[in-house]
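K.L.:
In the working numbering, the protein residues as written are 1 to 860.
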Amino acid sequence: MITSDEIKKRLWDGANELRGSMDASRYKDYMLGLMFYKFLSDKTLDTFKKTSGMKQNDEKEIVQAYREAYEQYGEQLVSMIRNVLGYYVLPDNLYQTWLEDIRTGEFEVQKVTDSLNSFERTIAVTGDSDDFKGLFSNSTIDFTDTALGSNLNERSKNIKSLILLFADLNMVALQKGDVLGDAYEYLIGQFAMESGKKAGEFYTPHQVSEVMAQIVAKTSKIESIYDPTVGSGSLLLTVRKHLTEDAQKNLTYYGQEKNTATYNLTRMNLLLHGVRPEKMTIRNGDTLAEDWPEDPQRPNEGIQFDAVVMNPPYSVKNWNKSDLKVSDPRFEIAGVLPPDSKGDYAFLLHGLFHLGQHGTMAIVLPHGVLFRGGTEGEIRKRLVDKNRIDTIIGLPDKLFTNTGIPVAVIILKKNRNIGDPVLMIDASKDFIKVGKQNVLQEKDIAKIADTYTERREEKGYSHLATREEIMKNEYNLNIPRYIESIEEDIPHDVDAHLFGGIPRSNIAELKVLQSTVPIILEQSLKEISDGYVVLSSSIDEITKNVLNDPRVIEKSEEMEVKITAYMNKYWQALKNIEDVNQITELKNEMLIEIKNVLSEFNHVDVYDGYQIIAEIWKNTLTDDTEIIASSDFYTAGRTRVPRMVIKGTGKKKRIEQDGWMGSIVPNTLITKHLYSGELAEIKAKKTRLQEIETELADLVEAAKVEGSEEEFALGETLNDKENAFLVGSVRAELKEAKKDTAEYALLKNVESLLNEKATLNTKTNKLEKELKQATEERILTLTDDEIDHLMYEKWFGNVLEKMVRLIENPLKEELHTLERLQERYSETLSEMEKESERLEKQLEAMMQELVVNESWNKRN
Numbered sequence: 001m002i003t004s005d006e007i008k009k010r011l012w013d014g015a016n017e018l019r020g021s022m023d024a025s026r027y028k029d030y031m032l033g034l035m036f037y038k039f040l041s042d043k044t045l046d047t048f049k050k051t052s053g054m055k056q057n058d059e060k061e062i063v064q065a066y067r068e069a070y071e072q073y074g075e076q077l078v079s080m081i082r083n084v085l086g087y088y089v090l091p092d093n094l095y096q097t098w099l100e101d102i103r104t105g106e107f108e109v110q111k112v113t114d115s116l117n118s119f120e121r122t123i124a125v126t127g128d129s130d131d132f133k134g135l136f137s138n139s140t141i142d143f144t145d146t147a148l149g150s151n152l153n154e155r156s157k158n159i160k161s162l163i164l165l166f167a168d169l170n171m172v173a174l175q176k177g178d179v180l181g182d183a184y185e186y187l188i189g190q191f192a193m194e195s196g197k198k199a200g201e202f203y204t205p206h207q208v209s210e211v212m213a214q215i216v217a218k219t220s221k222i223e224s225i226y227d228p229t230v231g232s233g234s235l236l237l238t239v240r241k242h243l244t245e246d247a248q249k250n251l252t253y254y255g256q257e258k259n260t261a262t263y264n265l266t267r268m269n270l271l272l273h274g275v276r277p278e279k280m281t282i283r284n285g286d287t288l289a290e291d292w293p294e295d296p297q298r299p300n301e302g303i304q305f306d307a308v309v310m311n312p313p314y315s316v317k318n319w320n321k322s323d324l325k326v327s328d329p330r331f332e333i334a335g336v337l338p339p340d341s342k343g344d345y346a347f348l349l350h351g352l353f354h355l356g357q358h359g360t361m362a363i364v365l366p367h368g369v370l371f372r373g374g375t376e377g378e379i380r381k382r383l384v385d386k387n388r389i390d391t392i393i394g395l396p397d398k399l400f401t402n403t404g405i406p407v408a409v410i411i412l413k414k415n416r417n418i419g420d421p422v423l424m425i426d427a428s429k430d431f432i433k434v435g436k437q438n439v440l441q442e443k444d445i446a447k448i449a450d451t452y453t454e455r456r457e458e459k460g461y462s463h464l465a466t467r468e469e470i471m472k473n474e475y476n477l478n479i480p481r482y483i484e485s486i487e488e489d490i491p492h493d494v495d496a497h498l499f500g501g502i503p504r505s506n507i508a509e510l511k512v513l514q515s516t517v518p519i520i521l522e523q524s525l526k527e528i529s530d531g532y533v534v535l536s537s538s539i540d541e542i543t544k545n546v547l548n549d550p551r552v553i554e555k556s557e558e559m560e561v562k563i564t565a566y567m568n569k570y571w572q573a574l575k576n577i578e579d580v581n582q583i584t585e586l587k588n589e590m591l592i593e594i595k596n597v598l599s600e601f602n603h604v605d606v607y608d609g610y611q612i613i614a615e616i617w618k619n620t621l622t623d624d625t626e627i628i629a630s631s632d633f634y635t636a637g638r639t640r641v642p643r644m645v646i647k648g649t650g651k652k653k654r655i656e657q658d659g660w661m662g663s664i665v666p667n668t669l670i671t672k673h674l675y676s677g678e679l680a681e682i683k684a685k686k687t688r689l690q691e692i693e694t695e696l697a698d699l700v701e702a703a704k705v706e707g708s709e710e711e712f713a714l715g716e717t718l719n720d721k722e723n724a725f726l727v728g729s730v731r732a733e734l735k736e737a738k739k740d741t742a743e744y745a746l747l748k749n750v751e752s753l754l755n756e757k758a759t760l761n762t763k764t765n766k767l768e769k770e771l772k773q774a775t776e777e778r779i780l781t782l783t784d785d786e787i788d789h790l791m792y793e794k795w796f797g798n799v800l801e802k803m804v805r806l807i808e809n810p811l812k813e814e815l816h817t818l819e820r821l822q823e824r825y826s827e828t829l830s831e832m833e834k835e836s837e838r839l840e841k842q843l844e845a846m847m848q849e850l851v852v853n854e855s856w857n858k859r860n
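1) Between L689 and L760, which are expected to be in contact by the criterion C-beta below 8 Å, what is the C-beta distance as a whole number of angstroms?
2) Which residue or residues does DSSP assign as beta-bridge partners of S462?
3) CA-CA distance, G343 and D42?
4) Starting from K647 and walking both ways along the beta strand (DSSP E), at which residues does that stretch end?
5) Does DSSP classify L734 as helix, strand or coil?
6) I'd like the span of the beta strand (DSSP E) that includes N602, first residue to last.
7) Less than 8 Å separating the beta-carbons of F305 and Y186?
8) Would D549 and L806 be called neighbours here (beta carbons separated by less than 8 Å)?
9) In this structure, how does DSSP classify W890 when only helix, strand and coil are distinguished?
10) Pull up the CB-CB distance for R638 and L780, whole angstroms please, since I reckon it's below 8 Å.
11) With M361 as the anchor, note down where its beta strand (DSSP E) starts and where it stops.
12) Does DSSP put E827 in a helix, in a strand, or in coil?
13) Using beta-carbon positions only, say whether I392 and M424 come within less than 8 Å of one another.
14) Taking K459 as the reference, give the member of L337, D450, L440, I483 with the closest Cα.
15) Could you tell me the distance, in whole angstroms, from the CA atom of L503 to the CA atom of E823?
16) Please go through the segment 740-823 and give each complete alpha helix (DSSP H) segment of 4 or more residues, from N-terminal end onward.
17) Would you kindly report the start and end of the unbroken alpha helix (DSSP H) that includes I483?
18) What is the DSSP secondary structure of E257, counted as helix, strand or coil?
19) Are there 16 or more other CB atoms within 10 angstroms of the CB of N602, so buried, or fewer, so exposed?
20) With H, G and I counted as helix, E and B as strand and the rest as coil, what does DSSP make of I163?
21) So D397 packs on P406, CB below 8 Å; how close in whole Å?
22) Give the straight-line distance between the Cα atoms of V112 and F119, rounded to the nearest whole angstrom.
23) Out of D58, D340, L525, point me to the one whose CA is closest to S537's CA.
24) Would you report the Cα separation of G659 and N576, rounded to the nearest angstrom?
25) Please report the distance separating the alpha-carbon of K685 from that of L591.
26) Could you tell me if M567 is buried or exposed, where buried requires 16 or more neighbouring beta carbons within 10 angstroms of its beta carbon?
27) Grouping DSSP H, G and I as helix and E and B as strand, with all else coil, what is F48?
28) For F166, tell me which candidate among F39, S752, F796, E585 has the shortest Cα-Cα distance.
29) Excluding the 5 residues flanking L370 on each side, which residues of the same chain have their C-beta closer than 8 Å to its C-beta?
30) In terms of residue numbering, what span does the alpha helix (DSSP H) encompassing K176 cover?
31) Reducing DSSP to helix, strand and coil, say where S529 ends up.
32) Would you report the Cα separation of S129 and T260, rounded to the nearest angstrom?
33) So the candidates are D579, E194, E474; which of them puts its Cα closest to the Cα of R372?
34) Just the C-alpha distance for G501 and E527, rounded to the nearest angstrom, thanks.
35) Am I right that N311 and V275 are in contact with their C-beta atoms under 8 Å? What's the rounded C-beta distance?
36) Along the chain, where does the beta strand (DSSP E) containing F305 start, and where does it finish?
Below you can see the structure in the form of C-alpha cells.
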C-alpha cells in the first residue's frame, strides 16, 4: 500500500519535475485541476460498478462495461449515477480514456479540453450545477497557455506527463481515511510556499489553522461553519477534523471567495475530502461589497453560524468601493465604519454579524488592530463594551509566506457572561526556525489550546485582563500592556560585583533545586558575608550529587514505570489498528494521555513530552498505521517494497529500483539485531581502512618535504592532482630500488598499504552487498517475536530515555544558572582594580625601559 507521505512526496517531486519554469501559483491550477478530474472519473466508475453489481476489479474491464452500458441505456444510466453522486463523467471523457489514448499514441490535448467542457455541460442541467459550475473554465485551466510549452507538441508532451502522474492512484480508495484530501491539502501548502506573496490569497498555514480550529471546535455544538474569505477551504476542513464523526456528518459548510481560480480550488478541496455537494454552499463574490449569505425572511439579521473562521487579506485599502454606510446591519454594532485605508475591522464585523448566539469566531489579523487609534479605536472600544472579545492570541512573525509581520488570532463570542475577563496569550516566542519561516510545533499549538480551554494564567505567557484594566489602558489591547516578558538574564547585583559572592536572593529563585534537593544545594554553598555565598564544590561535583540524589532517582524510576505502562498500552493499540479512520482518534488519545501522565510530575514540562509523542507520529506512526490498517501487523512486518532511488542528472535523471526495503520494519534494525556479527566484521574492516588512509596521507605529506628520506624514496610515485600514490609507479620504483635500504623499505611499506587497501575494499564491498541481500531476504521470514522486538524499538526505542530526561532538564538548567552566577561574581571590583594597577605599573616599567634604550642609542 502506498502511504499518504509517499503520495505527497511523489506528487510534489513530480510537480517540480514537470512545471519547469512555470510560476507555482499558476501551475497549481493545472495540477490540482487534473488530479480532481481523476477523482471525478474514479468516483463515476466506482458508482457504476456498485450500482450495476459488477464483481470485477480490473479497471479496463469496468471502463469497457461502462461504455457498453452507456450505449445501451444512455440517459437512464447517467441519471442513476447522477442521483448517487450529483454528477457523472461520460465514458468517452473519462480520465481513463485519456490514459488509453496515451498508451495507443492517439492522445490529443483537444480531447482533454473537450472532456472538461463536456463535464461543465452535463452538470449545467442538474440541480447541483452551482457546486461544479466553472471548475474547469478556461480562465483557470487553459491548455493553450504557452507557459505549458511554446508549441502544440511541447504542450502535449507536458500535459501527457502530468496526466500520467496520477495514472495509478485509485482516488476512491485513497479518499478513505482522508489520505487523498491530506495529499491535496499538502500540495496546496507546498504551492503556497513556492508562490511566496501570491500565496496569501488562497492559503492559511496549517499551524495557524490548527490554533484557530482547535479553539473553535470546542464550541458545544457545531452544525454549520462559515468562512467569508475561504481561500482553499483549509480552515473549514481543519475545524471539521477536530469534530466527532457524528458532528462531521451533520456539518454544513459555507464560504465566499473573490478570486475565481481560488473559488474553484475550494470546491475541489471540499469534494475531495468527502463533503457532499448538498452540504456545501460556496460563493464566488466580494465579501465586503455586499452581505452574504442573507436570510430573505430576515434581511437585517443574516444567516447565523455556529462557527466562523477567517484569514482575510490584511489591511486592504479602499475596501468600501460599494459606498457602504454605517446603517449596513454588519456595522451597526460598531457605530462607525472602519477606515477606508484598512479593511481589517470590516472583515471582523462581517464575520461577527454572522456568528450565532452560542457560537465561536476566530479571525487572524495583523497586530495593528489591537492598538491603532481613530475609528478602529472606537470599534475596539465598542466590541469590549459589548463584551464580544473573548481571547487574543499573539503569534510569532514570519509564520506566513506572504508577510513577515506578526499576527494575532482574535476569538469572539456573543454569549459571554458579564464581567468575564479577556484572555491574553503571548505565544510569540514559541516557535522553531525552518528555513526563513518560523513554525509553531505541535506542543506550541497544544499549549495555546489548553490555556484557552482552562482560562489559566501563567507568568510571561497568559493573563486574564478585566474590563477595568482594559479601560485603564484606554481600550488598547496590545498584548505587552498586559503580559510582561520574562527577563531571561538575571539582573546584576552591585554589592556582589564589589565584594564578591552570589546573592542569596538569586539562590532563592532556583525553585526546582530548592524544592527537589534543598540539602544538597545548601551544602554546596559557603557564606562569605551576610546574604552572599560562593560555591564550595565544583559545578560538576554538584551536578553529580544532584542527579544521584535518592529523590531524583526515585522520581526518575517512577517516570520509567509510568512511561513503560503508557508505551505497552499503546503498543497493543497500534499493533491491532484495523481501520484508517481510527488513526486520528488513536493519535489524539495518545497525545492527551501523555499530558495526563506527565502532569503528575512537578517541574516537568508537559508540552516537551507531548512533542516527543507528536514527533513519533510525524516520523513513523502515521505511515505505519496506514499500512497496518490495510493488512495486519505481522503481514505488514513480513512485507517488502521496492527501494526507489534517483540516478543520473539532467536529461539522464531517472528513478530506478535499488533492492528492497521493509514495508514497516526498517532494514537498518534488521541488520543491527539479526546480523550483528557481519556488521561488526564490516566495521572492523572499515576501521582498518581508515587507519591505512591515515598512514598513506602521512606518507604523502612527508614525501612533499624537500630533502627528506620520503621525498627521495617516494617523490616520483606521487600523483600531485590526486594527492596520492600511484600503484604502478610504486611498483616500478620498487624494482629499481636496492633491498635492505631505507628507500626500499619505504616503497615496500607503501606497496603493502596499497595492496591491503585494495583487498579490504574488495572484501568490504562484497560483505556489504551480501549483508544487504541477506537483510532484504530476511524481511520475508521474520518471526512474530522478531517483528515485535524490531517494531517496538522503532516506535519507542528512545522514548523512555527522553521522558526521564524531562526530570533532569529543569535541574540542569538551574545548575547552569548557578554556574553563570558563580562566574559573574567570581572576580570583585577591588581585585579588578588591583589587576589594573599591576598592569599599569608593568606598562610604566616597559615605557621607562624604552626611554633608557632610546637615550643609549642616541649617545652611541
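Idealized CB from N, CA, C, for every residue including glycine.
Being a predicted model, the structure only gives us computed values, none of them experimental.
P.N.:
Taking the structure as given:
1) As a working mapping, residue 689 is identified with position 689 in the sequence shown. As a working mapping, residue 760 is identified with position 760 in the sequence shown. Yes, L689 and L760 are in contact; Cβ-Cβ is about 5 Å, under 8 Å.
2) The residue you call residue 462 lines up with position 462 of the sequence shown. In the DSSP output, where bridge partners are listed per residue, S462 has I425, E458.
3) Within the sequence shown, numbered from 1, the residue matching residue 343 stands at position 343. Within the sequence shown, numbered from 1, the residue matching residue 42 stands at position 42. Looking at the two C-alpha atoms, the distance is approximately 43 Å.
4) Here residue 647 is taken as the residue at index 647 of the sequence shown, counted from 1. Counting along the chain, the beta strand (DSSP E) containing K647 begins and ends at 640-647.
5) Position 734 of the sequence shown holds residue 734. Looking at L734 - three-state DSSP - the assignment turns out to be helix.
6) Taking the first residue of the sequence shown as 1, we reach residue 602 at position 602. No beta strand (DSSP E) holds N602; DSSP gives it neither H nor E.
7) Residue 305 sits at position 305 when you count from the first residue of the sequence shown. Residue 186 sits at position 186 when you count from the first residue of the sequence shown. No, the pair does not count as a contact, with Cβ atoms beyond the cut-off.
8) What you label residue 549 is simply residue 549 of the sequence shown in a count that begins at 1. What you label residue 806 is simply residue 806 of the sequence shown in a count that begins at 1. The Cβ atoms of D549 and L806 lie no closer than 8 Å to each other.
9) With the chain running from 1 to 860 in the structure shown, residue 890 is simply not present.
10) As a working mapping, residue 638 is identified with position 638 in the sequence shown. As a working mapping, residue 780 is identified with position 780 in the sequence shown. At roughly 6 Å, the Cβ-Cβ gap stays under 8 Å, so R638 and L780 are in contact.
11) Position 361 of the sequence shown, counted from the start, is the residue given in the question as residue 361. Taken as a continuous stretch (DSSP letters only), the beta strand (DSSP E) holding M361 covers 355-366.
12) The count along the sequence shown starts at 1 and reaches residue 827 at position 827. Secondary structure of E827 (DSSP, three-state): coil.
13) Sequence index remark: in the sequence shown, residue 392 carries index 392 (1-based). Sequence index remark: in the sequence shown, residue 424 carries index 424 (1-based). Yes, the pair counts as a contact, with Cβ atoms nearer than the cut-off.
14) In the sequence shown, the residue the question calls residue 459 occupies position 459. The residue with the shortest Cα to Cα distance from K459 is I483.
15) As a position in the sequence shown, residue 503 is number 503, starting the count at 1. As a position in the sequence shown, residue 823 is number 823, starting the count at 1. Checking the displayed sequence, the identity of residue 503 turns out to be Pro instead of Leu. Cα to Cα, P503 sits roughly 13 Å from E823.
16) 742-778, 784-796
17) The residue given as residue 483 occupies position 483 in the sequence shown. Unbroken run through I483: none, as it is neither H nor E.
18) Along the sequence shown, read from residue 1 onward, the residue named residue 257 stands at position 257. Three-state DSSP puts E257 in a strand.
19) Taking the first residue of the sequence shown as position 1, residue 602 is located at position 602. Classification for N602: exposed.
20) On the sequence shown, position 163 is the one that residue 163 refers to. Three-state result, I163: helix.
21) Residue 397 sits at position 397 when you count from the first residue of the sequence shown. Residue 406 sits at position 406 when you count from the first residue of the sequence shown. Their Cβ separation, rounded to whole angstroms, is 4 Å, which keeps D397 and P406 in contact under 8 Å.
22) Numbered from 1 along the sequence shown, position 112 holds the residue referred to as residue 112. Numbered from 1 along the sequence shown, position 119 holds the residue referred to as residue 119. Spanning the alpha carbons of V112 and F119 requires a straight line of approximately 11 Å.
23) Start at 1 with the first residue of the sequence shown, and residue 537 comes out as number 537. S537 has its Cα closest to that of L525, out of D58, D340, L525.
24) For the purposes of this step, residue 659 is taken as residue 659 along the sequence shown, with counting starting at 1. For the purposes of this step, residue 576 is taken as residue 576 along the sequence shown, with counting starting at 1. Spanning the two alpha carbons is a distance of roughly 29 Å.
25) Position 685 of the sequence shown, counted from the start, is the residue given in the question as residue 685. Position 591 of the sequence shown, counted from the start, is the residue given in the question as residue 591. Spanning the two alpha carbons is a distance of roughly 45 Å.
26) As a working mapping, residue 567 is identified with position 567 in the sequence shown. So M567 ends up on the buried side.
27) For the purposes of this step, residue 48 is taken as the residue at position 48 of the sequence shown. Correct three-state label for F48: helix.
28) Residue mapping note: residue 166 aligns to position 166 of the sequence shown, counting from 1. Nearest option by C-alpha distance: F39.
29) Counted from its first residue, the sequence shown places residue 370 at position 370. Same-chain partners within the cutoff: R380, I392, A408, N476, L477, N478, I479.
30) For this step, residue 176 is matched to residue 176 along the sequence shown. Unbroken run through K176: none, as it is neither H nor E.
31) Position 529 of the sequence shown, counted from the start, is the residue given in the question as residue 529. Three-state DSSP puts S529 in a strand.
32) One-based indexing of the sequence shown puts residue 129 at position 129. One-based indexing of the sequence shown puts residue 260 at position 260. Note that S129 scores a pLDDT of 49, beneath 50, so its modelled location is shaky; the value from the coordinates is reported in the next line. Distance between the alpha carbons of S129 and T260: 16 Å.
33) Along the sequence shown, read from residue 1 onward, the residue named residue 372 stands at position 372. Of the candidates D579, E194, E474, the one whose C-alpha sits nearest the C-alpha of R372 is E474.
34) Position 501 of the sequence shown, counted from the start, is the residue given in the question as residue 501. Position 527 of the sequence shown, counted from the start, is the residue given in the question as residue 527. The alpha-carbon atoms of G501 and E527 are separated by roughly 8 Å.
35) Here the question's residue 311 lines up with position 311 in the sequence shown. Here the question's residue 275 lines up with position 275 in the sequence shown. Actually they are not in contact, since the Cβ atoms of N311 and V275 sit about 19 Å apart, beyond 8 Å.
36) For the purposes of this step, residue 305 is taken as the residue at position 305 of the sequence shown. Here the beta strand (DSSP E) through F305 covers 305-310.
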